[in-house]
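A.B. asks:
Residue numbers (my numbering): 237 to 332.
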């Protein structure tokens, strides 16, 4: 098990804005230590000759031409539909 101190757990809790009891700190210290120990075990595996797997579903990005479709409506036509506009923009009530 990797050694995690109570101070480490309390620091992580503070960064996460969590309020932990003493029992929760002790339990979390053990859990984090076990997780880090498992990660250390994984780092001991021999992965020579193993290709990295970046995508397991064989999906690929599908790119399309980036074109504007205005559906035959111009900016002025759309602004005319707004209840109120000013300086080429739709005027809305203030939201605070």
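Glycine included, C-beta positions come from ideal geometry on N, C-alpha and C.
#1: Under a three-way DSSP split, which group does residue 240 fall into?
#2: Just to confirm the assignment: which complete alpha helix (DSSP H) runs, minimum length 4, are found wholly within the stretch 292-327?
#3: Do residue 309 and residue 326 have their beta-carbon atoms positioned less than 8 Å apart in this structure?
#4: Looking at residue 286 and residue 268, is the spacing between their C-beta atoms short of 8 Å?
#5: DSSP state of residue 269, grouped into three classes?
C.D. replies: So, from the data block:
#1: In the chain shown, counting from the first residue as 1, residue 240 sits at position 4. Correct three-state label for residue 240: coil.
#2: Unbroken alpha helix (DSSP H) stretches of 4 residues or longer found wholly inside the stretch 292-327: 311-317, given in chain order.
#3: Within the chain shown, numbered from 1, the residue matching residue 326 stands at position 90. Within the chain shown, numbered from 1, the residue matching residue 309 stands at position 73. Using a Cβ distance threshold of 8 Å, residue 326 and residue 309 do not count as a contacting pair.
#4: To locate residue 268, count along the chain shown from 1; it is residue 32. To locate residue 286, count along the chain shown from 1; it is residue 50. Judged by beta-carbon spacing, residue 286 lies beyond the 8 Å limit of residue 268, meaning their Cβ atoms are not closer than that value.
#5: Counting from 1 along the chain shown, the entry for residue 269 is found at position 33. Residue 269 sits in a helix when the DSSP states are folded into three classes.
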